[in-house]
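Take a look at the structure set out below.
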Amino acid sequence: MEIKPITTYTGKVVPLFHDNIDTDQIIPKVHLKRISKSGFGPFAFDEWRYLDDGSDNPDFNPNKPEYKDASILITGDNFGCGSSREHAAWAIKDYGFDIIIAGSYSDIFYMNCTKNAMLPIVLDEEARKHLAQSESITVDLPNQNVSSPDKTFTFDIDETWKNKLVKGLDDVAVTLQYEDEIKSYERSKNF
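Residue numbers (the working numbering): 282 to 472.
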């Protein structure tokens with residue numbers, strides 16, 4: 282998967298204000314039979330997104346016309362809790378979200394987001410509710426802020442994750458930055 286750098290990003294928002302959205306709700310286990318990272322988008326939020334007859338649930342915010350093509354998900358606390366399946370991050374990315382703004386995350390889910398070129402942002406409830414009122418918002422990752430047309434909020438992010446996202450690096454690319462040092466070490470150990 283190509284990782285696009287995230288520096289300044291403007292996108293349409295969709296609110297999904299539920300706390301404790303777990304990985305089973307994000308991607309039900311019945312859909313985990315693939316080994317590829319792609320193709321999970323149609324199954325994201327499956328039980329909320331579709332009615333029993335398979336048609337779109339009109340009450341599910343991301344299905345509403347006003348949120349069509351949203352790429353920033355604004356949600357509640359403890360997002361991505363539950364089992365540690367990376368498929369949940371794959372499903373959300375494949376659905377079309379590049380940025381998630383929540384009150385908190387499961388540690389493993391947070392890490393899986395960053396490894397899959399998504400920016401997980403932590404903001405308090407007041408900030409999230411304010412941002413959710415805007416049609417679109419702008420995220421400035423280098424300066425660690427999120428702006429609506431009338432207000433800006435700052436967020437924290439570990440420098441390691443920030444660097445990877447700003448430069449568009451995956452774990453392999455980060456490792457290859459140290460290729461000369463690795464080869465030198467291997468030569469010194471006669472590998």
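Cβ atoms here follow ideal geometry from the backbone N, Cα and C, with glycine treated the same way. Model, not experiment: these values are computed from the prediction.
Rounded to the nearest angstrom, what separates residue i and residue j at their Cα positions?
{"i": "Ile287", "j": "Pro339", "result": "32 angstroms"}
{"i": "Gly357", "j": "Ser465", "result": "47 angstroms"}
{"i": "Tyr391", "j": "Glu440", "result": "14 angstroms"}
{"i": "Cys394", "j": "Lys470", "result": "36 angstroms"}
{"i": "Ala370", "j": "Arg468", "result": "38 angstroms"}
{"i": "Gly322", "j": "Thr435", "result": "30 angstroms"}
Report buried or exposed for residue i, applying the criterion of at least 16 other Cβ atoms within 10 angstroms of its Cβ.
{"i": "Ala383", "result": "buried"}
{"i": "Lys314", "result": "exposed"}
{"i": "Ala413", "result": "buried"}
{"i": "Ser336", "result": "exposed"}
{"i": "Leu387", "result": "It is worth fixing the name first, because residue 387 is Ser in this sequence and not Leu. Burial call: buried."}
{"i": "Gly320", "result": "exposed"}
Assuming residue i contacts residue j under a Cβ cut-off of 8 angstroms, what Cβ separation, rounded to an integer in Å, is found between them?
{"i": "Ile389", "j": "Ile307", "result": "Actually they do not touch by this definition, with Cβ atoms about 13 angstroms apart."}
{"i": "Thr419", "j": "Thr291", "result": "4 angstroms"}
{"i": "Pro309", "j": "Asp327", "result": "5 angstroms"}
{"i": "Val455", "j": "Lys445", "result": "6 angstroms"}
Helix or strand or just coil, what does DSSP make of residue i?
{"i": "Phe360", "result": "strand"}
{"i": "Thr288", "result": "coil"}
{"i": "Tyr459", "result": "coil"}
Note to self: Can you confirm whether the stretch 341-353 touches the stretch 376-389 when touching is taken to mean that 3 or more C-beta pairs between the two stretches lie within less than 8 angstroms?
What the structure shows: yes
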